[in-house]
Amino acid sequence: GGSLFLNSHVDKILIEDGRAAGVQLTKGKGGKTTIRASKAVVSNLSVWDLFGSGIVDQDKFDASFVANRRATPVGKSFMHLHVGFKASREELEKLQAHYMYIDDWERGVDAEDNAVLLSIPSVHDKTLAPDGYGTLHIYTPATEDFSRWANLDRKSPEYAALKEERSAYLWNVLEKVIPDIRQRAHIIRVGTPLTHKRFLRRFNGSYGPAIRAGEASFPFPGTPVNGLLLCGDSCFPGIGVPAVAGSGLLAANSVSLDSLKPQLELLETLKK
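Each number in the numbering used here comes from the position in the sequence shown (counting from 1) with 11 added on.
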């Protein structure tokens with residue numbers, strides 16, 4: 012059981028007497044709603060949003076804890092190209108569903124304009140586009156620097172020009188797979204770091220923390236504030252959908268530790 016609040020912006024995570032007590036929402040035309048936590052507050056904000064947006068009172072945390080978390084290195088963003096293109100079923104079946112392209116292995120997959128990933132789901136699923144068309148998505152693997160986009164107005168000519176400039180590499184690689192793709196293209200959508208920032212509410216359009224395996228580790232869900240747990244790609248196991256889902260499981264299990272004994276007893280019952 013429970014309630015789901017949609018289109019509700021969280022203004023504050025409330026901390027009272029050293030414990031996460033709930034959240035304050037903005038609903039509708041400026042109306043405020045407070046939801047009290049019965050056990051805990053679980054936040055999936057990135058570490059930079061949690062400690063940089065004012066959503067939580069940083070004075071409730073040890074200064075060294077906040078400084079350490081805010082120093083988490085920020086991963087880069089993406090360039091995306093979504094294309095709806097003319098293609099017969101026979102032409103689509105001659106393509107692969109997935110491609111990975113790398114110009115220079117010596118530069119590595121994290122070098123700018125050196126690697127892309129291409130997905131053509133219409134190869135396997137004809138329901139994704141009308142008859143005679145296909146869909147594809149080609150993107151850089153989190154190698155796009157946010158700084159060149161940071162001060163641009165999304166409606167400005169400068170932004171439009173930079174979108175065209177920075178998507179050129181994607182087109183060039185795409186033409187290696189479908190040489191006449193520009194002539195076939197019917198719908199074109201270019202995604203940028205600002206797209207990530209706006210629609211996914213990502214800090215600087217980032218993919219997530221740039222924590223390298225073997226050099227550092229992702230923190231677990233607990234915080235110094237009782238009842239405040241974290242999940243998402245700023246927590247263990249890390250970035251990517253499977254890892255983020257895993258972090259949610261860890262946080263949920265942490266909240267329900269007081270029900271662990273009944274859960275184990277139920278599992279034993281199910282074995283019989």
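Cβ coordinates follow ideal geometry from the N, Cα and C atoms, glycine included.
Between the alpha carbons of S245 and N125 lies a distance of about 26 Å. Residue burial is scored here from C-beta neighbours: S267 has fewer than 16 other C-beta atoms within 10 angstroms and is therefore classed as exposed.
In the DSSP assignment, S49 falls outside any alpha helix (DSSP H) and carries neither an H nor an E.
Here A126 is bridged, per DSSP, to I113.
Put simply, of F214, S57, Y150, L128 the residue whose alpha carbon is nearest the alpha carbon of F157 is F214. With contacts defined by Cβ atoms closer than 8 Å, F96 and T151 do not form a contacting pair. Looking at the DSSP output, F96 sits in a beta bridge with G145, A196. Counting only runs of 4+ residues, no alpha helix (DSSP H) is found wholly inside the region 13-45.
For L56, no alpha helix (DSSP H) encloses it, and the DSSP letter there is neither H nor E. Counting along the chain, the unbroken beta strand (DSSP E) around L239 starts and ends at 239-241. Between A153 and G225, the gap from beta carbon to beta carbon reaches 8 Å or more. Secondary structure at E226: coil, using DSSP grouped into helix, strand and coil. Judged by their CB atoms, A51 and L240 are nearer to each other than the 8 Å cut-off. Contact annotation: the region 115-132 does not touch the region 57-65, with fewer than three C-beta pairs closer than 8 Å. Within its own chain, the residues whose Cβ lies closer than 8 Å to the Cβ of L163, once the five positions on either side in sequence are excluded, are E169, Y170, L173, L205, listed in chain order. Burial state of F229 is buried, judged by a 10 Å Cβ sphere holding 16 or more other Cβ atoms.
Judged by beta-carbon spacing, P235 lies within the 8 Å limit of D73, meaning their Cβ atoms are closer than that value. Shown here for A221: same chain residues with a beta carbon closer than 7 Å to its own, the five before and five after excluded, namely P84, V85, G86 in chain order. Judged by beta-carbon spacing, R30 lies within the 8 Å limit of G238, meaning their Cβ atoms are closer than that value. Taking 8 Å as the upper bound for CB-CB distance, K137 and R100 are in contact here, some 7 Å apart. For V266, the secondary structure class from DSSP, reduced to helix, strand or coil, is helix. Within the DSSP bridge table, the entry for V255 names no partner. Membership of P168 in the alpha helix (DSSP H) is indicated by the continuous run 168-188. Short of 8 Å from the beta carbon of G202, and not among the five residues preceding or following it, lie these beta carbons of its own chain, in chain order: F89, M90, H91, L92, H93, Y150. CA-to-CA, the gap between E104 and I199 works out to about 22 Å. At least 8 Å separates the beta-carbon of V77 from that of V127.
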